[in-house]
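To convert, count from 1 in the sequence shown and add 21; that's my numbering.
Every residue, glycine too, gets a C-beta built ideally from N, C-alpha and C.
Note that this is a predicted model, so its numbers are computed, not measured.
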Amino acid sequence: MNRRMFFKSAGSAAVVTGIARGAQISPTEPIATKENHLLEFVVNDQSIFIETSILRLDIEKGELTRLENKKTGESYLTEKGPAGALYLLYEKDELVSVNEEKFGTITTKQLADDRAQVIFHNWDGDGVVMISVDHESGDILIEPSAYSSRPGVR
């Protein structure tokens, strides 16, 4: 159980307990059931595939290659542009690649059933991209963070 779910569960239990003091509550029955929108979360050597009730996503070597709406079939990715996920943006709109080209490594790790990370190290910078699923909505959360010894990263 992650921290967010702990606080949600603890807060819900406190509210329900306060309202239903006189009522008998069975400790074995769940207070409420929530629909789980995660259908598949697969992490291989250099790739991540996620399918929820509303989205389908593929990431290969840290690059988002597919993001589509399952209900409408709409793809949210257009043609590949000059900047991908593994670029640092500096002042004056300068893009610097932090992929495997300059002595770089990209590692993909699964941290939990619904969470993975892409770790990248390169001559020009280091970083982590966290990928997780919101079980209540079916949304896929992508949280990038990066570091460079060179000042001016946006």
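Note to self: Measuring straight from C-alpha to C-alpha, what distance separates serine 74 and serine 158?
What the structure shows: 9 Å
Next item on the list: Name the one or two DSSP bridge partners that glutamine 131 has.
Entry: Ala137
Item checked: Span of the beta strand (DSSP E) around glutamate 164 -> 161-168
Checklist line | Where glutamate 121 sits in the DSSP three-state scheme | finding: coil
Next item on the list: Helix, strand or coil for glutamate 100, going by three-state DSSP, please let me know.
Entry: coil
Item checked: Classification of tyrosine 168 by the beta-carbon crowding that lies within 10 angstroms, buried from 16 upward -> exposed
Next item on the list: Would you mind stating whether valine 154 and serine 166 have Cβ atoms separated by less than 9 Å?
Entry: no
Margin query: According to DSSP, simplified to helix, strand and coil, what is aspartate 114?
Written below: helix
Margin query: Can you list, in chain order, the residues of its chain with a C-beta nearer than 6 Å to that of asparagine 143? Leave out the 5 residues immediately preceding and following it.
Written below: Val119, Lys123, Gly125
Checklist line | Pair within 9 Å by beta-carbon distance, serine 68 and lysine 82 | finding: yes
Checklist line | Beta-carbon proximity of isoleucine 71 to isoleucine 161, cut-off 9 Å | finding: yes
Next item on the list: Starting from the Cα of glutamate 61, find the closest Cα among Ala137, Tyr108, Glu164, Leu98 and give me that residue.
Entry: Ala137
Check: Any chance the CB of tyrosine 97 is under 8 Å from a heavy atom of the ligand FAD?
Finding: Ligands in the displayed structure: none, and consequently the ligand FAD is not present.
Notebook entry, point to check: valine 63: buried (16+ other C-beta within 10 angstroms of its C-beta) or exposed?
Noted result: exposed
Next item on the list: Out of Leu110, Glu121, Leu59, point me to the one whose CA is closest to glycine 173's CA.
Entry: Leu110
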